[in-house]
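If you're matching positions, the sequence shown starts at 301 in our numbering and goes up one per residue. Glycine included, every Cβ here is placed at the ideal spot set by N, Cα and C. These numbers were taken from a predicted model, which means no experiment stands behind them. Presented below is the structure to which this report refers.
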Amino acid sequence: MPARKRPWTPRSRCSNAWWPVSTGLAERAGQQATGPRCIVVGAGTVGASCAWFLQRRGAQVTLIDSQLPGQATSFGNAGCISKTSVFPFSQPGVIRKLPGWLLDPHGPVRIRWSQLPWVAPWLYRFWRAGSVRRVEEIVAALVALMEHTVRDFDDILAGTASEALRQARGMVLLYDRPGDFRADAWKYRERDRLGLSWRPLPREELAELEPCIRLGDGVALFEPLWQHVTDPGGLTRRFADAAVERGASWVQDRVRAVALRPSGVTVTIGGGQVLEAERLVLATGVWSNQLLGQFGLRAPLLAKRGYHTMFADPAIAVSRPVMSASRHVLLTPMTSGLRVSGTAEFARLDARPDYARARALVASARHFAPGLGGSGISEWMGQRPMLPDSLPVLGPVPRHPQILCAFGHGHYGLTQGPTTGRIIASLAFDEDPGIDLAPFAITRF
């Protein structure tokens with residue numbers, strides 16, 4: 301039987317000793333933070349990025365999570381930095397494809413039928429977000445959000461000595477049939493207009509770049525702007541490590557309650573300790589409603605589960621991400637082996653994982669990577685925080701500007717994490733974030 305998620309192994313001085321808030325680490329690390337006191341709840345890629353950018357600006361940061369950094373959804377993602385992913389998942393005609401996907405055992409989408417009444421209101425919002433006009437608005441918002449993706453990644457990678465974990469080799473994109481590519485042609489026309497480069501990939505060049513990949517009668521493209529990281533969970537831990545080394549404090553505990561006060565917030569953690577701050581950052585992913593509810597707010601968040609299968613000793617090799625747009629399956633070379641990831645399963649947070657989805661990914665990937673296999677197999681499931689319009693929630697809570705939202709990034713928490721961290725740091729210091737946040741406001745729902 302394949303192994304499940306592997307345990308975390310410390311990599312740095314800070315990872316070996318995550319200090320509680322009372323240890324005075326700012327003085328230990330030689331950092332004298334003089335900015336606002338900020339509590340960041342959530343230590344995934346988004347939360348760790350927020351903590352690092354805030355700490356670098358001089359905020360007094362406390363990072364809180366019930367798990368160690370990078371151990372939840374950030375642990376097992378596909379590892380891709382995809383600046384060109386500016387199209388929402390809801391698009392004209394997508395809802396008509398849903399029945400066929402659901403009936404295909406290897407299809408990219410699964411809804412547990414017993415939970416359909418619970419998912420249906422979200423699907424209605426998803427359908428509404430797919431009109432031509434709304435898609436145009438969402439694309440414009442995502443282009444603005446991702447304009448500085450690479451710059452912000454360069455910034456945090458340099459500041460955390462993590463450059464070696466990023467590879468800039470582009471991505472190979474495959475379509476099973478020419479008709480599949482023609483159905484997406486509007487996206488490439490729009491990308492040409494936006495200056496988001498791509499190009500056809502001749503068969504001879506594909507064979508040279510990725511000799512283990514078979515195209516059949518399909519179409520191949522090359523995505524030069526894509527990058528990938530070879531250890532997403534490890535990268536997140538480095539972001540958190542670096543924030544702690546700069547003076548941030550780390551608390552591994554659950555947040556029980558949040559209370560507002562005139563000049564900030566108080567946060568009560570599981571052990572009963574009460575922490576005070578001027579700013580509270582909610583980087584809590586799919587669990588965000590548990591805290592938002594304390595302020596009478598709720599976002600239409602749904603867990604869009606993704607799965608992966610890892611081959612620690614793979615039978616084939618790829619040198620960059622290879623994705624089938626027709627099958628919604630992605631191969632990514634990692635430090636720990638070859639990762640096969642994808643799928644979208646809608647289920648409640650407490651529903652048991654269905655690891656048959658991970659095995660279905662491998663079966664589907666063998667259509668374009670026939671030699672796929674190997675030993676040292678492990679499987680994983682993560683819960684992406686998905687909103688119907690594919691836009692995250694960024695910015696202050698109405699009437700409570702001391703609470704800053706940074707959640708709902710869906711598939712793109714890794715891509716958008718550093719930019720989100722920079723934006724949140726600007727807001728915490730009452731500065732212009734350099735982007736219109738109206739499209740990302742929680743009030744849009």
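Considering only the beta carbon of each residue, do residue i and residue j sit closer than 7 Å?
i, j, result
"S349", "G717", "yes"
"A540", "A706", "no"
"L525", "K397", "no"
"T609", "S374", "no"
"A725", "F353", "yes"
"I381", "T719", "no"
"P733", "G708", "no"
"T460", "A577", "no"
"G376", "W680", "yes"
"M634", "L473", "no"
"R620", "R469", "yes"
"D553", "G570", "yes"
"G518", "G370", "no"
"I735", "A444", "yes"
"A615", "G572", "no"
"V544", "I364", "no"
"V419", "A644", "no"
"L661", "V629", "yes"
Please state whether DSSP places residue i in a helix, a strand or coil.
i, result
"E505", "helix"
"I742", "helix"
"C705", "strand"
"S549", "strand"
"P653", "coil"
"E755", "For the chain, the structure presents residues 301 to 745; residue 755 sits outside this window and is missing."
"A557", "strand"
"G606", "strand"
"S626", "coil"
"I569", "strand"
"R537", "helix"
"A599", "coil"
"G695", "strand"
"A329", "Confidence at A329 is low in this model, with a pLDDT of 43, below 50, so its placement is unreliable and the value that follows should be read with caution. Looking at A329 - three-state DSSP - the assignment turns out to be coil, as it is neither helix nor strand."
"E731", "coil"
"T720", "helix"
"L575", "strand"
"R412", "coil"
"G671", "coil"
"G710", "helix"
"V472", "strand"
"G593", "helix"
"G479", "helix"
"G347", "helix"
"G564", "strand"
"P500", "strand"
Starting from residue i, trace the beta strand (DSSP E) in both directions and tell me its first and last residue.
i, result
"A615", "Per DSSP, A615 belongs to no beta strand (DSSP E) and is neither H nor E."
"Q683", "G674 to M686"
"C512", "C512 -> no beta strand (DSSP E), and no H or E assigned at all."
"A644", "G637 to F646"
"E447", "Here E447 belongs to no beta strand (DSSP E), and DSSP marks it neither H nor E."
Contact check, residue i vs residue j under 8 Å by CB: the rounded distance?
i, j, result
"A583", "C338", "Their Cβ separation, rounded to whole angstroms, is 11 Å, which puts A583 and C338 out of contact at 8 Å."
"R538", "S626", "Contact flag wrong, Cβ pair sits at about 35 Å."
"P388", "I438", "5 Å"
"R425", "P600", "6 Å"
"A441", "F740", "7 Å"
"G637", "G606", "At roughly 18 Å, the Cβ-Cβ gap does not stay under 8 Å, so G637 and G606 are not in contact."
"I703", "L580", "5 Å"
"A612", "G713", "With 8 Å as the limit, A612 and G713 do not qualify as a contact, their Cβ atoms being about 25 Å apart."
"V386", "M446", "6 Å"
"F646", "K604", "6 Å"
"F522", "R499", "5 Å"
"L509", "L515", "Not quite, the Cβ-Cβ distance comes to about 12 Å (not below 8 Å), so this is no contact."
"V361", "Q355", "5 Å"
"L501", "A520", "4 Å"
"L597", "I742", "6 Å"
"Q467", "Q527", "6 Å"
"I411", "L402", "6 Å"
With DSSP as the reference, please indicate the residues paired to residue i in a beta bridge.
i, result
"H528", "C380 and Q467"
"L582", "V341 and C705"
"Q360", "R337"
"T632", "R639"
"Y424", "The partner list for Y424 (beta bridge, DSSP) is empty, contrary to what the question assumes."
"D365", "Q552"
The alpha helix (DSSP H) with residue i in it runs from where to where?
i, result
"R491", "A485 to L494"
"P399", "V394 to L403"
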